[in-house]
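S.K.: Submitted below is the structure of interest, expressed as structure tokens.
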Amino acid sequence: GENVEQHPSTLSVQEGDSAVIKCTYSDSASNYFPWYKQELGKRPQLIIDIRSNVGEKKDQRIAVTLNKTAKHFSLHITETQPEDSAVYFCAARAVYNFNKFYFGSGTKLNVKP
Amino acid sequence: EPEVTQTPSHQVTQMGQEVILRCVPISNHLYFYWYRQILGQKVEFLVSFYNNEISEKSEIFDDQFSVERPDGSNFTLKIRSTKLEDSAMYFCAKRTLLRDTIYFGEGSWLTVV
Numbered sequence: 249g250e251n252v253e254q255h256p257s258t259l260s261v262q263e264g265d266s267a268v269i270k271c272t273y274s275d276s277a278s279n280y281f282p283w284y285k286q287e288l289g290k291r292p293q294l295i296i297d298i299r300s301n302v303g304e305k306k307d308q309r310i311a312v313t314l315n316k317t318a319k320h321f322s323l324h325i326t327e328t329q330p331e332d333s334a335v336y337f338c339a340a341r342a343v344y345n346f347n348k349f350y351f352g353s354g355t356k357l358n359v360k361p
Numbered sequence: 010e011p012e013v014t015q016t017p018s019h020q021v022t023q024m025g026q027e028v029i030l031r032c033v034p035i036s037n038h039l040y041f042y043w044y045r046q047i048l049g050q051k052v053e054f055l056v057s058f059y060n061n062e063i064s065e066k067s068e069i070f071d072d073q074f075s076v077e078r079p080d081g082s083n084f085t086l087k088i089r090s091t092k093l094e095d096s097a098m099y100f101c102a103k104r105t106l107l108r109d110t111i112y113f114g115e116g117s118w119l120t121v122v
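Protein chains in written order, with this note's numbering: chain P, 249 to 361; chain X, 10 to 122.
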């Protein structure tokens, strides 16, 4: 099955700086990669996603890049704000199984004001 | 984002007792899921449910667990004879036919004592 590795496990940045979280996956058949933000005690919420036919996607301060050859994808947050502080999870899903998502272990982002 | 309502939000149960967690999708979707998140850990797939039957389950989803859609709307996860290690947040999730991603409910905190 798929194995998703996520780094770093914790990330502390100053408000206004950029934050980058990286994930690698093992199954070359994975073709869909969502990112979720989870605030303490709450549900994971989708913030951005990317499909394997696209190399980069941007939504305001958030962007995701995908390198299919290297099997890794990254979340980029620019101009970080304290409200960006949360745990971020990457996930991967294979083209042959629309129902099963494999999650990374999470990155706890702390944005210091 | 499609809405999923879960009940209870928090349940404390004695070890060995049975627990039923409920999920009420607001709109009519075909694909439902249960995921589990042990405190501080990644989100883990338990089971997917399609067209009123299990389509896939993980190795975590053993005979202790069962899922049902008893009245065509509510979607339940039953945990028989709970163990201490079943303590976790259980998320119901759903997938729309138009989008690839899954949307999580608010979660049910289960504490087994």
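Even glycine gets a Cβ: it sits at the ideal position worked out from N, Cα and C.
Flag TYR284 (chain P) as yes if its beta-carbon sits less than 9 Å from any beta-carbon of chain X, otherwise no.
M.R.: By 1-based counting over the first sequence, the position of residue 284 (chain P) is 36. So, interface residue.
S.K.: Report the neighbours of ILE47 (chain X) on chain P: residues whose CB is nearer than 7 Å to its CB, in chain order.
M.R.: For this step, residue 47 (chain X) is matched to residue 38 along the second sequence. Within chain P, no residue comes near ILE47 (chain X); the closest Cβ sits about 12 Å away, beyond 7 Å.
S.K.: From the DSSP secondary-structure annotation, give me the bridge partner or partners of ASP297 (chain P).
M.R.: In the first sequence, counting from the first residue as 1, residue 297 (chain P) sits at position 49. In the DSSP output, where bridge partners are listed per residue, ASP297 (chain P) has P:PRO282.
S.K.: Distance cutoff 9 Å, beta carbons only. Does PHE113 (chain X) sit that close to anything in chain P?
M.R.: Locating residue 113 (chain X) in the second sequence gives position 104, counting from the first residue. So, interface residue.
S.K.: Along chain X, which residues have their Cβ under 8 Å away from the Cβ of ASN347 (chain P)?
M.R.: Position 99 of the first sequence, counted from the start, is the residue given in the question as residue 347 (chain P). Chain X residues near ASN347 (chain P): TYR40, TYR42, SER57, TYR59, SER64, GLU65 and ARG104.
S.K.: Report the residue from X:SER18, X:VAL21, X:VAL33 and X:THR16 whose alpha carbon sits nearest the alpha carbon of ASP80 (chain X).
M.R.: Translated into the one-based positions of the second sequence, residue 80 (chain X) becomes position 71. Ranking the options by Cα distance to ASP80 (chain X), first place goes to X:VAL33.
S.K.: Of all the options P:TYR280, P:PHE351 and P:LYS356, which has the alpha carbon lying nearest to the alpha carbon of GLN46 (chain X)?
M.R.: On the second sequence, residue 46 (chain X) is found 37 positions in, with the first residue counted as 1. Comparing Cα positions, the closest option is P:PHE351.
S.K.: Cβ atoms of ALA311 (chain P) and LEU323 (chain P): under 9 Å apart, would you say?
M.R.: Numbered from 1 along the first sequence, position 75 holds the residue referred to as residue 323 (chain P). Numbered from 1 along the first sequence, position 63 holds the residue referred to as residue 311 (chain P). Yes, these two residues count as a Cβ contact at 9 Å.
S.K.: Check each residue of the stretch 86-102 of chain X: if its Cβ is closer than 8 Å to any Cβ of chain P, include it; give the result in chain order.
M.R.: Flagged, chain order: PHE100.
S.K.: According to the neighbour-count rule (16 or more other Cβ atoms, all chains shown, within 10 Å of its Cβ), is LYS285 (chain P) buried or exposed?
M.R.: Position 37 of the first sequence, counting from 1, holds the residue named residue 285 (chain P). Label assigned to LYS285 (chain P): buried.
S.K.: Where does GLU65 (chain X) sit, in a helix, a strand or coil, going by DSSP?
M.R.: The residue given as residue 65 (chain X) occupies position 56 in the second sequence. GLU65 (chain X): strand per DSSP, three-state reduction.
S.K.: Could you tell me how far apart the beta carbons of THR120 (chain X) and SER96 (chain X) are, in whole angstroms, since I believe they sit closer than 8 Å?
M.R.: The residue you call residue 120 (chain X) lines up with position 111 of the second sequence. The residue you call residue 96 (chain X) lines up with position 87 of the second sequence. Correct: roughly 5 Å between the Cβ atoms.
S.K.: Let me confirm a value: LYS348 (chain P) is counted as buried when at least 16 other C-beta atoms fall within 10 Å, else exposed. Which label applies?
M.R.: In the first sequence, counting from the first residue as 1, residue 348 (chain P) sits at position 100. Flag for LYS348 (chain P) reads buried.
S.K.: Under 9 Å between the Cβ atoms of PHE346 (chain P) and ARG31 (chain X)?
M.R.: As a first step, residue 346 (chain P) is located in the first sequence; it is residue number 98 there, counting from the start. As a first step, residue 31 (chain X) is located in the second sequence; it is residue number 22 there, counting from the start. Not a contact, by the Cβ cut-off of 9 Å.
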